[in-house]
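A.B. asks: My structure is below; once you've seen it, I'll send some questions.
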DNA sequence: CTGAAAGCGCTTACAG
DNA sequence: CTGAAAGCGCTTACAG
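Chains as they are written, first to last, in our numbering: chain A, 1 to 336; chain B, 1001 to 1336.
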């Protein structure tokens, strides 16, 4: 590949002149400029980014740390992924994908390699080791998610605790006293997946406060059989459940609706159904009330925030931004 | 961030000694080694990757060029994406995500930046500009897909033409003479999306040869209404259709099945249904015969091939590998 | 067993 | 208006 030296030689000028022509940081005689440009074009010259980065210039690359677990839902992931990448693209940034079960060393490695200007965190745990590592790095870290150890990073997330509270407040106002939270797979909670846990715990607590019984059932899977088993257990424990909050996905919710129908339980007459912490429910045959994830909003804001930091407009590490979810009423949650 | 100089200073040795201790490329006295290691640990030293890359060492990063269109199905994408990334990870490679509607300049830019060791292509068009650009680059390009201008790259793909032929051969053998191919959105074909076109054209051609009428209908969308409209048109044009090949996705196929049921058309008694060029149909209520995409197989092979090239084990640019699809019989395609 | 120095491909003060 | 040279942080022949 042609280097700056080749261009300089072909144009018959010094390499610094070539550099200045390319960068435009110095005015160059017209004749010289033309010669250089012609030579550059002829050789297909493009400056080697490595050399520039070595000199401390921004790499225009953001690392995206998104650990993969057995319970990772790919299509789920993709949405956040693309949202971040598209937004970053606007600023001329590319995304370096980091897939690693354990994020810590990986993060240090990438940060000190000098290959990226900043790091984005996805799939944040309640107590996330990556947030601690962040303190030792010399590049900014922005999380889409809100870990409890957030003081070394910037955090952007939906206000899931508020969502949990509001869900139960709404239920209570509508007369529901027995609520079932149909959750994602148990592992996701045990690992401490940030948003699932925050929503659930806030809902349970609000239930205690308001005298609403909130039962939680993680799922063993999203298939019809799994859902049936889960419902059997739930109704056996509490036959008065009148609201099911699904903290899951389209496939699961679709099966919940089908199973209820098979049991001759009408939605919303007998049981109300609310989807929370979800998105991409467009494929559902029946539309359900939803407190959606809004991945585009949080991801866009996370990237914008990263840019503010990189541009030196702010340096308040530990900053947390919690965006409100917009309740989508679609007729599956009614008074009881 | 601590550099090699800091470590050398703290350990009281030369920077070359530090370098050799870190790389292990020279035997170093035990005492010296210990001092260096201690200093490195104390300072949290990690070699700056940029500097190494500048010296021509591999960056251990692969670019992934995956243009985004309006009709891009994110969850679709994610599968290929993750498959490539996971495989690359095995070799210690990370993925630099390139999202760009038009791939050409972007590719040159990245290649000459020196940031990546090779480039992977996804969402390959029938005649893909990126394959032409590849010839001017000094790093290898491997496509998951098979463009017609494949001589400047390495190609790995399923043998979609063979799939198209086999689908019609099978249909013919089972007595079907009127086949409908329910396709993806028209734009995907007009842009020349490689696999869709190859499968369809090979199927149509084989139909001509065998005397099987093969009608093609692109979709206007994957919703129930879209499917109904498409079926109306198709049956109006040819009431004898006895096999529908869906070149689409789970949502669409699910709607096709539902629409047929609504019309009191039994599958497979009245009409057989075959999914082709699909994957992730696990969420379908009814399992259908399938000639699946097998993204893991093609992506894994593509990465393996890239590694063979990077390791200098091969240099037969233009090489094409077409993997066979495995027919999955599930009872929705029967004799007519 | 270890060190001083060249060089990777650029950018940018410093000179002229 | 242009050029010679230092330096970014490493690695590796070349010396000792």
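Ideal Cβ positions, reconstructed from N, Cα and C, are used throughout, including at glycine. Fair warning: this is a prediction, and the values are worked out from it, not measured in the lab.
Anything in chain A within Cβ reach of residue 1089 of chain B, meaning under 7 Å, just list it in chain order.
C.D. replies: Under the 7 Å cutoff, chain A gives 99.
A.B. asks: Closer than 8 Å is the cut-off here; do at least three beta carbon pairs connect the region 157-168 of chain A with the region 99-118 of chain A?
C.D. replies: no
A.B. asks: Can you have a look at residue 247 of chain A and say buried or exposed, based on whether 16 or more other CB atoms are within 10 angstroms of its CB?
C.D. replies: buried
A.B. asks: Can you give the Cα-Cα distance for residue 1232 of chain B and residue 294 of chain A, rounded to whole angstroms?
C.D. replies: 37 Å
A.B. asks: Along the chain, where does the alpha helix (DSSP H) that runs through residue 1257 of chain B open and close?
C.D. replies: 1250-1262
A.B. asks: Counting along the chain, where does the beta strand (DSSP E) carrying residue 275 of chain A start and finish?
C.D. replies: Counting along the chain, the beta strand (DSSP E) containing residue 275 of chain A begins and ends at 272-278.
A.B. asks: Where DSSP assigns a beta bridge to residue 1358 of chain B, which residues make up the other side?
C.D. replies: Missing from the structure shown is residue 1358 of chain B; chain B here goes from 1001 to 1336 and no further.
A.B. asks: Considering only DSSP beta bridges, list what residue 1142 of chain B is partnered with.
C.D. replies: B:1120, B:1154
A.B. asks: Look at the Cβ atom of residue 1153 of chain B, then the Cβ atom of residue 1131 of chain B, and state whether they are nearer than 8 Å.
C.D. replies: Contact: yes.
A.B. asks: Assuming residue 1118 of chain B contacts residue 1062 of chain B under a Cβ cut-off of 8 Å, what Cβ separation, rounded to an integer in Å, is found between them?
C.D. replies: Confirmed, about 5 Å.
A.B. asks: Of the residues B:1141, B:1105, B:1276, B:1257, which one's Cα is nearest the Cα of residue 1319 of chain B?
C.D. replies: B:1141
A.B. asks: Applying a beta-carbon distance threshold of less than 9 Å, which residues of chain B neighbour residue 48 of chain A?
C.D. replies: 1054, 1112, 1113, 1114
A.B. asks: Say whether chain A places a C-beta atom closer than 8 Å to the C-beta of residue 1095 of chain B.
C.D. replies: yes
A.B. asks: Please list, in chain order, all residues of the same chain as residue 976 of chain B whose beta carbon is under 6 Å from its beta carbon, the five residues on each side excluded.
C.D. replies: Any property of residue 976 of chain B remains undetermined from this structure, which presents chain B solely from 1001 to 1336.
A.B. asks: Between residue 1043 of chain B and residue 1010 of chain B, which are expected to be in contact by the criterion C-beta below 8 Å, what is the C-beta distance as a whole number of angstroms?
C.D. replies: 7 Å between Cβ atoms; contact.
A.B. asks: Regarding residue 1240 of chain B and the ligand GTP, is the C-beta to nearest heavy atom distance less than 7 Å?
C.D. replies: Because no ligand of any kind appears in the structure shown, any question about the ligand GTP cannot be addressed here.
A.B. asks: Would you please state the rounded distance, in angstroms, between the beta carbons of residue 59 of chain A and residue 116 of chain A? I believe it to be under 8 Å.
C.D. replies: 6 Å
A.B. asks: Which residues, taken in chain order from the region 1197-1216 of chain B, show a beta carbon closer than 9 Å to some beta carbon of chain A?
C.D. replies: Interface annotation for the region 1197-1216 of chain B against chain A: empty, criterion Cβ-Cβ distance under 9 Å.
A.B. asks: Who pairs with residue 290 of chain A in a beta bridge, going by DSSP?
C.D. replies: A:275, A:328
A.B. asks: Using 8 Å as the limit for Cβ to Cβ distance, is residue 1080 of chain B near chain A?
C.D. replies: no
A.B. asks: Measuring only between beta-carbons, confirm whether residue 74 of chain A sits less than 8 Å from chain B.
C.D. replies: yes
A.B. asks: Might you give, ordered along the chain, the residues of its own chain that have their beta carbon closer than 7 Å to the beta carbon of residue 227 of chain A, omitting 5 neighbours on each side?
C.D. replies: Counting only Cβ-Cβ distances below 7 Å, and skipping sequence neighbours, we find 252, 255, 256, 259.
A.B. asks: Label residue 1050 of chain B either buried or exposed according to how many other C-beta atoms from any shown protein chain fall within 10 Å of its C-beta, with 16 as the threshold for buried.
C.D. replies: buried
A.B. asks: Determine, using beta-carbon pairs with one atom in the region 1012-1030 of chain B and one in the region 80-99 of chain A, whether at least three such pairs fall under 8 Å.
C.D. replies: Because the criterion of three Cβ pairs below 8 Å is not met, the region 1012-1030 of chain B and the region 80-99 of chain A do not touch.
A.B. asks: Step through the CB atoms of chain B and report whether any lies within less than 8 Å of the CB of residue 61 of chain A.
C.D. replies: yes
A.B. asks: List the DSSP bridge partners of residue 217 of chain A.
C.D. replies: Note: residue 217 of chain A sits in a beta bridge opposite A:182.
A.B. asks: Between the region 1170-1186 of chain B and the region 1206-1226 of chain B, do at least 3 Cβ pairs fall closer than 8 Å?
C.D. replies: With the cut-off at 8 Å, the region 1170-1186 of chain B and the region 1206-1226 of chain B touch.
A.B. asks: I'd like to know whether the C-beta atoms of residue 36 of chain A and residue 79 of chain A end up nearer to each other than 8 Å.
C.D. replies: The answer is no: Cβ separation not under 8 Å.
A.B. asks: Does residue 1126 of chain B come within less than 8 Å of chain A when only Cβ atoms are used?
C.D. replies: no
A.B. asks: Strictly below 8 Å CB to CB, what residues from chain A border residue 1109 of chain B?
C.D. replies: In chain order: 46.
A.B. asks: Please state whether the Cβ-Cβ distance between residue 332 of chain A and residue 273 of chain A is less than 8 Å.
C.D. replies: yes
A.B. asks: Below 8 Å, can you find three or more Cβ-Cβ pairs linking the region 302-315 of chain A to the region 274-286 of chain A?
C.D. replies: no
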